[in-house]
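Visitor: Questions regarding the structure given below will be posed in turn.
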DNA sequence: TCTTAGATGTGA
DNA sequence: CACATCTAAGAT
């Protein structure tokens, strides 16, 4: 498995979040194309954990670029981030949606307790959904995503169009257009208001 | 098609 | 006590 190199995450978080669209997230037997991300920067971003949480700042100091930052949200959903550091600014990329490509049966089994609809488009269409589908939880916090044999981002040769829009589900700094989606994808979250911003080509 | 409530754990 | 969520249920 040819994984995305750690140097990919040694740039600024906004660039990483945008360019991660189209790569494949592999998690043991399951895999999906990354179709939605959000960027959070360690400084000047009130929505980032680093703004209020000492533990987040300590995590950045103690870990390497490409390590997983996993935390529990609303008391019930694990959210997967990738640590970005080494560029102009450190921060995180939140994985928000996947287009399932492998291990679909297993992912559906994991999501079944939620009584989730059987539609493939809604299997991983949200940050809490995709962690359930992939079996990600707090034990993955701090995990190296760039050198393991079973987990990481697989290099893709596909060319994708990426759209940018405001981050969703947050209250502070909501005006920043740091949410990125694969243009026109039916697998993104927030179907009520799909991003209709200017799209641009992204070469691989 | 939209808005609402309720489940639920943790860091500060 | 605020939260980077999700679903079912009820109103429109």
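In this note's numbering, the protein residues as written are 16 to 219.
Even glycine gets a Cβ: it sits at the ideal position worked out from N, Cα and C.
Model, not experiment: these values are computed from the prediction.
Within 10 angstroms of its Cβ, does residue 58 collect 16 or more other Cβ (buried), or is it exposed?
Guide: Within the first chain, residue 58 is the residue found at index 43, counting from 1. By the neighbour-count rule (16 or more Cβ atoms within 10 Å), residue 58 is not buried but exposed.
Visitor: Taking the alpha-carbon of residue 100 as reference, which of 46, 135, 30 has the nearest alpha-carbon?
Guide: Here residue 100 is taken as the residue at index 85 of the first chain, counted from 1. Considering only alpha carbons, the answer is 30.
Visitor: For residue 64, count neighbouring Cβ atoms within 10 angstroms of its own Cβ and tell me buried if that reaches 16, exposed if not.
Guide: The count along the first chain starts at 1 and reaches residue 64 at position 49. Residue 64 comes out buried.
Visitor: Less than 8 Å between the beta carbons of residue 46 and residue 39, yes or no?
Guide: Start at 1 with the first residue of the first chain, and residue 46 comes out as number 31. Start at 1 with the first residue of the first chain, and residue 39 comes out as number 24. Against a cut-off of 8 Å, the Cβ pair of residue 39 and residue 46 comes out as a contact.
Visitor: From residue 98 to residue 82, what distance separates their C-alpha atoms?
Guide: One-based indexing of the first chain puts residue 98 at position 83. One-based indexing of the first chain puts residue 82 at position 67. Spanning the two alpha carbons is a distance of roughly 5 Å.
Visitor: For the beta strand (DSSP E) holding residue 48, just list the boundary residues, first then last.
Guide: Your numbering for residue 48 matches position 33 in the first chain. Start and end: 45-56.
Visitor: Helix, strand or coil: which one does DSSP assign to residue 120?
Guide: Your numbering for residue 120 matches position 105 in the first chain. In this structure, residue 120 counts as helix in the three-state DSSP scheme.
Visitor: Hey, would you say residue 195 sits closer than 8 Å to residue 179, going by beta carbons?
Guide: If you number the first chain from 1, residue 195 lands on position 180. If you number the first chain from 1, residue 179 lands on position 164. Result yes, Cβ atoms of residue 195 and residue 179 sit closer than 8 Å.
Visitor: Would you call residue 146 buried or exposed, if buried means 16 or more other Cβ atoms sit within 10 Å of its Cβ?
Guide: Locating residue 146 in the first chain gives position 131, where the first residue counts as 1. Buried is the call here.
Visitor: How big is the Cα-Cα spacing for residue 95 and residue 109?
Guide: As a working mapping, residue 95 is identified with position 80 in the first chain. As a working mapping, residue 109 is identified with position 94 in the first chain. Distance between the alpha carbons of residue 95 and residue 109: 6 Å.
Visitor: Just to check my reading of the structure: residue 84 and residue 156 have Cβ atoms closer than 8 Å, yes? What is that Cβ distance to the nearest angstrom?
Guide: Your numbering for residue 84 matches position 69 in the first chain. Your numbering for residue 156 matches position 141 in the first chain. Going by Cβ atoms, the distance from residue 84 to residue 156 rounds to 7 Å, so yes, they are a contact pair.
Visitor: Scan the segment 66-141 and note each continuous beta strand (DSSP E) run of 3 residues or more that stays entirely inside, going in chain order.
Guide: You should have 83-88, 92-99, 106-117.
Visitor: Taking the DSSP output, what are the residues bridged to residue 179?
Guide: Here residue 179 refers to the residue found at position 164 when the first chain is read from its first residue. Looking at the DSSP assignment, residue 179 forms a beta bridge with 195.
Visitor: Within its chain, find whatever has a CB closer than 6 Å to the CB of residue 43; leave out the 5 residues flanking it on each side and keep chain order.
Guide: Numbered from its first residue, the first chain carries residue 43 at position 28. Excluding positions up to five away in sequence, the list reads 165.
Visitor: Examine the Cβ distances between the segment 46-56 and the segment 186-204 and report whether three or more of them are shorter than 8 Å.
Guide: Yes, since at least three Cβ pairs between the segment 46-56 and the segment 186-204 fall closer than 8 Å, the two stretches touch.
Visitor: If I measure Cβ to Cβ from residue 114 and keep anything under 6 Å in the same chain, skipping five residues before and after, which residues do I get?
Guide: Stepping through the first chain from its first residue, residue 114 is reached at position 99. If we look at residue 114 and ignore the five residues flanking it on each side, its Cβ neighbours are 47, 48, 50, 202.
Visitor: Could you give the residue range of the alpha helix (DSSP H) that holds residue 33?
Guide: Looking up residue 33 in the first chain gives position 18. It spans 28-34 - the alpha helix (DSSP H) in which residue 33 sits, taken as one unbroken run.
Visitor: Roughly how many angstroms lie between the CA atoms of residue 183 and residue 132, to the nearest whole one?
Guide: The residue given as residue 183 occupies position 168 in the first chain. The residue given as residue 132 occupies position 117 in the first chain. The alpha-carbon atoms of residue 183 and residue 132 are separated by roughly 23 Å.
Visitor: Residues in the same chain with beta-carbon distance under 6 Å from residue 151, minus the five sequence neighbours each way, listed in chain order, please.
Guide: Locating residue 151 in the first chain gives position 136, where the first residue counts as 1. Within the same chain, residue 151 has close Cβ partners 93, 95.
Visitor: What's the C-alpha gap between residue 19 and residue 139?
Guide: For the purposes of this step, residue 19 is identified with residue 4 of the first chain, where counting begins at 1. For the purposes of this step, residue 139 is identified with residue 124 of the first chain, where counting begins at 1. So the two alpha carbons sit approximately 21 Å from each other.
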